[in-house]
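Position in the sequence shown (from 1) plus 964 gives the number in this note's numbering.
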Amino acid sequence: TPFAIIDQVFPNSPSQEAGIQEGDLLLRFGTVTSNNHNGVFDSIKRAIVTELSLAAANECSISVAVRRTTKMLGGVAEMIRTETFDLRPRTWAGQGLLGCHLQEYKE
């Protein structure tokens, strides 16, 4: 179940380098899912910050799963698929360790 939408990805950021795109729906961020936090977004955000801190300190990647919708046939059809990326949080020219912005997603 998606719990966040990526509403901004900054150029030359770790998120862009990993392949994450604006509009992606976040299904899993490391061990964080909507299920293991009862869908409470504040709890999810805290867990993501913890995952980020650990991965950055250990110079590790985080496995991220997203649901991506791609328009086809001039926008007449859509293809929805799940994609997985290895995201390596790190300092870069912009703010934070990811270079993207998340918003709570509600279906």
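Don't be surprised by glycine CBs; every beta carbon is placed ideally from N, CA and C.
Please state whether the Cβ-Cβ distance between residue i and residue j is less than 8 Å.
i	j	result
residue 1032	residue 1067	no
residue 1028	residue 1049	yes
residue 987	residue 970	yes
residue 1015	residue 983	no
residue 991	residue 1046	yes
residue 979	residue 1058	no
Between the options, which lies nearest to residue i when the distance is taken from Cα to Cα?
i	options	result
residue 1055	1069, 1024, 1002	1024
residue 981	1071, 1061, 1069	1061
residue 1064	1052, 1071, 1002	1052
residue 1007	974, 968, 1071, 1041	968
residue 1069	976, 975, 979, 997	997
residue 972	965, 989, 966	989
residue 999	965, 1030, 1058	965
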